Every structure is written in C-alpha cells, then in structure tokens.
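Input: a single structure, listed below in structure tokens.
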Amino acid sequence: MRVIALYGPKDLREEEWPKPEPGDGEVRIKIKSVCICGSDTTQYTTGGIDNSKTPVPFVLGHEVAGLIDAVGSGVENLFEGTPVAVEPDMPCMQCELCLTGRQNICPDVKFLGASPTHGALAEFIIVPAQNALPVKAPVTFAEIACIEPLAIGIYAAQKMKISSGDTVAVFGSGGVGISCMIAAKKSGARIIAVTDKVQSRLDIAEKYGSENTININEENPVEKILDLTNGRGVDVTIEAAGELTALQDAISSAAIGGRVAIIGIPHEQEWSFPAAIARRRELLIQNIRRSNHTTEIAIDWIERREIKLAGFISHNLPWEKAEEGFNKAAACEEGTLRISLEPEEIEEPFYP
Numbered sequence: 202m203r204v205i206a207l208y209g210p211k212d213l214r215e216e217e218w219p220k221p222e223p224g225d226g227e228v229r230i231k232i233k234s235v236c237i238c239g240s241d242t243t244q245y246t247t248g249g250i251d252n253s254k255t256p257v258p259f260v261l262g263h264e265v266a267g268l269i270d271a272v273g274s275g276v277e278n279l280f281e282g283t284p285v286a287v288e289p290d291m292p293c294m295q296c297e298l299c300l301t302g303r304q305n306i307c308p309d310v311k312f313l314g315a316s317p318t319h320g321a322l323a324e325f326i327i328v329p330a331q332n333a334l335p336v337k338a339p340v341t342f343a344e345i346a347c348i349e350p351l352a353i354g355i356y357a358a359q360k361m362k363i364s365s366g367d368t369v370a371v372f373g374s375g376g377v378g379i380s381c382m383i384a385a386k387k388s389g390a391r392i393i394a395v396t397d398k399v400q401s402r403l404d405i406a407e408k409y410g411s412e413n414t415i416n417i418n419e420e421n422p423v424e425k426i427l428d429l430t431n432g433r434g435v436d437v438t439i440e441a442a443g444e445l446t447a448l449q450d451a452i453s454s455a456a457i458g459g460r461v462a463i464i465g466i467p468h469e470q471e472w473s474f475p476a477a478i479a480r481r482r483e484l485l486i487q488n489i490r491r492s493n494h495t496t497e498i499a500i501d502w503i504e505r506r507e508i509k510l511a512g513f514i515s516h517n518l519p520w521e522k523a524e525e526g527f528n529k530a531a532a533c534e535e536g537t538l539r540i541s542l543e544p545e546e547i548e549e550p551f552y553p
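Each residue of the sequence shown is one higher than the one before, starting from 202 at the first, in our numbering.
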C-alpha cells in the first residue's frame, strides 16, 4: 500500500509498505482524507514534539476519515463501505486513569501519528473497532476528518464548565481554536473576541460567531478585550495557539475569578506567565489534552446539521502535493486553515 513517510525535518517520501490485516476486534479503514494539524507540522518541521524525537521512517496524521474496508473476527455493526471518523486515542483501559474515565491522559495510550503508533497518511490503517465511528451525514470526507478537532473543542468547553452567561475570548483561530469557540458558543457563552495573526482565519471565526476579531499584528489584544468588557475582562480565556504570548495575553485578559485554558502545544519546554496577575485575580489555569468521550457528541452535531465544518477546509490536495500542504500549514499562510490530503479523487460519501 502507499504511505507518505517522514524521514526527518521536511523530508516526506512516498513508499510502498505491506497492506495490514485486521485482527480480532479490529477494522481496516481505507483512508479518504487526512487533515494536517499543528502537532503534525511540528513533527514535520522539527523532527519531534515536546521533548520526544520522532522515529523515522514514521507516518503522521490523526485527523482522519475513510471507509470500512475489512473487519476482524468479533466485530459487529461495522460493515464494509461505511464512512467513518476515527478516534485517534487508544487508551489501555486498565490503568487507574482509564478506569476513572480519564482515558485522554492514560500514560500508556497509543495515539495515531504519535510515536510509536504510525498515523493515517497511508492507504489503509488498522484500528480497534470502537475507534471507527460511523458518520451518517451527507458531508465530505474532509469534513469528517475535522470532527477530531471539534471533539477537542467540546471537551475544552466541558472541562472549563462554560455555560450560559459566560464571556469567552479565544487566542488562536486555527482548527482547534475555532472548535473551542464553536463549542463555547453552543454552551451559551458570548464569544467576545478571537485573536490571530492570519486575517483569513479571523474572517472564518467571525462567520462561526465571534462578536469581534483581533489581528495581533494590528492591535493589542489585551487592551482591546479590556476595552470591549469595560475593563472587566472575560470569564474564560482559551490559549489555542501554542505560543507564549497567547498564554500571557489570555491571563491578562481574564476577569477576576476567571478561568484560563491552555490547549495549544508549545514549542518550548518551559513557559512563564504573569504570576502576580494570576494570583491576585485567583485565576483557575487548566491544561487541556486532546478530547475525552466527546467524539460522539461532535458526530451528533454534524448529523443533526447543527454545525457545518465545510468552512474549516481551505485546501484539498492530492498526496503528490503532501509536502506543499505541510509547508503551507507550517507557515500558517494566509488563506489556510485545515488542509486535507487525499490519496485519490474524492467522491461524496455513500451511505448503504
């Protein structure tokens, strides 16, 4: 089967690898779309993530959509040809954290596209049957792939206890940032502002319901948010850029007694923040890791037509242009949001 393998920083190679066979309780998925996430571009540009070096050759990609291609023994209710989203998180289900419902921070988790588990830039992948989630909606495979970041946004809104009457500001309007904004808005919050340095992404945030957008190249986001709230600040701030300045702005923009979510993946090993402001305002600072029991909610929103993810997709590129797609995503080029890499000409999903 065809794969796109990473051999080092900015070194992608198309290769032929053996076609995998599903085992007991597993399914094989024929990949139709893989969207490029910030964690993918970090591994692509630097050869690692956090303090871990990515082994090579390695297959990236965890925002995935495809068709059930084959099922292993013991698999019921999943049939060949079914369009599915893929939950990339595969926890051990035996440790203390898994048994108490916190599978997203399982220390022995396997995660698509995170070492040592190869990702989805392959013609076929094998996952546990419970990780293949049917999507019964007339949407594109690229939109199905974007269910994964939407699930992260839903989890963030849940974790931060966002509810009706809350005011929210999101720092970073990539796919995860806009997903957080969407989930917060559906929870009843007012989205006071979304910030970014890429104007086209801010335009998308506005279409999804942000009351104001702030281009950080043109305005001071803290001053603007404080002005919009008459000096009060907002109840919840969400750092979704993976940038230290975004965290510092998020803390400085939070109201007294507010909550601050850190969801971006930093390039640095250590961050510093305005400790005096955080202490005096008694801010709750919460890290968010991936999603947890929220993918099904995201799918339900899509199937009910409550949310449309077509606005996330800025490019549909064939695998032959994978390097171009990664370079565009890594540079945060104007006009990019989610780039879908597609191994073949895409047809609309078929629902048997």
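The C-beta atom is built at its ideal place from N, Cα and C for all residues, glycine as well. All values reported here derive from a predicted model rather than from experimental measurement.
Collapsed DSSP secondary structure at residue 216 in the structure displayed | Translated into positions along the sequence shown, residue 216 becomes position 15. It is a strand residue.
Exposure of residue 225, with buried meaning 16 or more beta-carbon neighbours within 10 Å | For the purposes of this step, residue 225 is taken as the residue at position 24 of the sequence shown. It counts as exposed.
Residue 436 and residue 460 closer than 8 Å at C-beta | Residue mapping note: residue 436 aligns to position 235 of the sequence shown, counting from 1. Residue mapping note: residue 460 aligns to position 259 of the sequence shown, counting from 1. In contact: residue 436 and residue 460 (Cβ atoms closer than 8 Å).
Start-end ranges of the beta strand (DSSP E) lying completely within the segment 403-474, minimum 3 residues = 414-416, 435-440 and 455-463
Check the DSSP bridge columns for residue 487 and list the partner residues they point to.
-> The residue labelled residue 487 in the question sits at position 286 within the sequence shown. In DSSP, residue 487 forms a bridge with 462.
Rounded straight-line distance, which links the Cα of residue 295 to that of residue 510 = If you number the sequence shown from 1, residue 510 lands on position 309. If you number the sequence shown from 1, residue 295 lands on position 94. Whole-angstrom Cα-Cα distance: 34 Å.
Cα-Cα separation, residue 344 to residue 513 = Within the sequence shown, numbered from 1, the residue matching residue 344 stands at position 143. Within the sequence shown, numbered from 1, the residue matching residue 513 stands at position 312. Using only the alpha carbons, I get a separation of about 8 Å.
Identify the residues that DSSP records as bridge partners of residue 284: which are they?
-> Residue numbering aside, residue 284 sits at position 83 when the sequence shown is read from its first letter. In the DSSP output, where bridge partners are listed per residue, residue 284 has 268.
Is the segment 493-510 close to the segment 451-471, with three or more CB pairs under 8 Å?
-> no
Leaving aside the five residues before and after residue 391 along the sequence, list all residues of the same chain whose C-beta is less than 6 Å from its C-beta, in chain order.
-> The residue you call residue 391 lines up with position 190 of the sequence shown. Within the same chain, residue 391 has close Cβ partners 368.
Just the Cα atoms here: how many angstroms apart are residue 481 and residue 207?
-> Walking along the sequence shown from the start, residue 481 turns up at place 280. Walking along the sequence shown from the start, residue 207 turns up at place 6. Distance between the alpha carbons of residue 481 and residue 207: 46 Å.
Look at the Cβ atom of residue 324, then the Cβ atom of residue 519, and state whether they are nearer than 8 Å.
-> In the sequence shown, residue 324 corresponds to position 123, counting from 1. In the sequence shown, residue 519 corresponds to position 318, counting from 1. No, these two residues do not count as a Cβ contact at 8 Å.
Endpoints, beta strand (DSSP E) assigned at residue 368 | Counting from one through the sequence shown, the residue named residue 368 turns up at place 167. That run of the beta strand (DSSP E) goes 368-372.
Taking the C-alpha atoms as reference points, what is the distance between residue 320 and residue 311?
-> What you label residue 320 is simply residue 119 of the sequence shown in a count that begins at 1. What you label residue 311 is simply residue 110 of the sequence shown in a count that begins at 1. Rounded to the nearest angstrom, the two C-alpha atoms are 11 Å apart.
When 447, 359 and 317 are compared against residue 257, the one with the closest alpha-carbon | Taking the first residue of the sequence shown as position 1, residue 257 is located at position 56. If we check each option's Cα against that of residue 257, 317 comes out closest.
DSSP-derived helix/strand/coil call for residue 206 | Reading the sequence shown from its first residue, position 5 is the one you call residue 206. It is a strand residue.
In the DSSP assignment, find the unbroken alpha helix (DSSP H) run with residue 380 in it and report its ends.
-> Position 179 of the sequence shown, counted from the first residue, corresponds to residue 380. Note, residue 380: alpha helix (DSSP H), 376-387.
Does the Cβ of residue 434 lie closer than 7 Å to at least one heavy atom of the ligand GTP?
-> You won't find the ligand GTP in this model; it holds no ligand whatsoever.
Nearest-angstrom Cα distance between residue 554 and residue 261?
-> One cannot answer for residue 554 here, as it falls past the ends of the chain, which runs 202 to 553.
Opposite residue 274 in the DSSP bridges: which residues?
-> For the purposes of this step, residue 274 is taken as residue 73 along the sequence shown, with counting starting at 1. Its beta-bridge partners do not exist; DSSP assigns none.
Where does residue 300 land, buried or exposed, given buried means 16+ other C-beta within 10 angstroms?
-> Here residue 300 is taken as the residue at index 99 of the sequence shown, counted from 1. That one is exposed.
Which residue's Cα is closest to the Cα of residue 477: 497, 359, 453 and 495?
-> Here residue 477 refers to the residue found at position 276 when the sequence shown is read from its first residue. Among 497, 359, 453 and 495, the Cα nearest to that of residue 477 belongs to 453.
Where the alpha helix (DSSP H) through residue 480 begins and ends = As a position in the sequence shown, residue 480 is number 279, starting the count at 1. Per DSSP, residue 480 belongs to the alpha helix (DSSP H) from 476-481.
Beta-bridge partners of residue 394, as assigned by DSSP = Here residue 394 refers to the residue found at position 193 of the sequence shown. Per DSSP, 370.
Give the DSSP-derived three-state secondary structure of residue 226 in the structure shown.
-> As a first step, residue 226 must be located in the sequence shown, where it is residue number 25. In this structure, residue 226 counts as coil in the three-state DSSP scheme.
My guess is that residue 396 and residue 373 are in contact by the Cβ rule of under 8 Å, so how many angstroms apart are they, rounded?
-> As a position in the sequence shown, residue 396 is number 195, starting the count at 1. As a position in the sequence shown, residue 373 is number 172, starting the count at 1. Contact holds; Cβ gap of about 7 Å.
Within this structure, are the beta carbons of residue 393 and residue 418 separated by less than 8 Å?
-> To locate residue 393, count along the sequence shown from 1; it is residue 192. To locate residue 418, count along the sequence shown from 1; it is residue 217. Result no, Cβ atoms of residue 393 and residue 418 do not sit closer than 8 Å.
Rounded to the nearest angstrom, how far is the Cβ of residue 232 from that of residue 267, given a contact under 8 Å?
-> Residue numbering aside, residue 232 sits at position 31 when the sequence shown is read from its first letter. Residue numbering aside, residue 267 sits at position 66 when the sequence shown is read from its first letter. Contact flag correct, Cβ pair sits at about 5 Å.
So, are the CB atoms of residue 356 and residue 492 less than 8 Å apart?
-> Sequence index remark: in the sequence shown, residue 356 carries index 155 (1-based). Sequence index remark: in the sequence shown, residue 492 carries index 291 (1-based). A contact, by the Cβ cut-off of 8 Å.
Whether residue 150 touches residue 533 by CB criterion (8 Å) = Missing from the structure shown is residue 150; the chain here goes from 202 to 553 and no further.
CA-CA distance, residue 276 and residue 451?
-> One-based indexing of the sequence shown puts residue 276 at position 75. One-based indexing of the sequence shown puts residue 451 at position 250. Rounded to whole angstroms, residue 276 to residue 451 spans 46 Å at the Cα level.
Candidates 254, 333, 297 and 264: which alpha carbon is nearest residue 280's?
-> As a first step, residue 280 is located in the sequence shown; it is residue number 79 there, counting from the start. The shortest Cα separation from residue 280 among 254, 333, 297 and 264 belongs to 333.
Quick one: what's got a C-beta closer than 7 Å to residue 411's C-beta in the same chain, skipping five residues either side?
-> Working through the sequence shown from its first residue, we reach residue 411 at position 210. The answer, listed in chain order, is 382, 392, 394 and 395.
DSSP three-state assignment for residue 495, whether helix, strand or coil | For the purposes of this step, residue 495 is identified with residue 294 of the sequence shown, where counting begins at 1. Residue 495: coil per DSSP, three-state reduction.
Quick one: what does DSSP say residue 543 is sitting in, helix, strand or coil?
-> The sequence position of residue 543 within the sequence shown is 342, counting from 1. Reduced to three states, the DSSP call for residue 543 is strand.
Report back the beta-carbon spacing between residue 346 and residue 384 to the nearest angstrom; my notes put them in contact at under 8 Å.
-> On the sequence shown, position 145 is the one that residue 346 refers to. On the sequence shown, position 183 is the one that residue 384 refers to. That belief does not hold up - the Cβ atoms of residue 346 and residue 384 are roughly 18 Å apart, past 8 Å.
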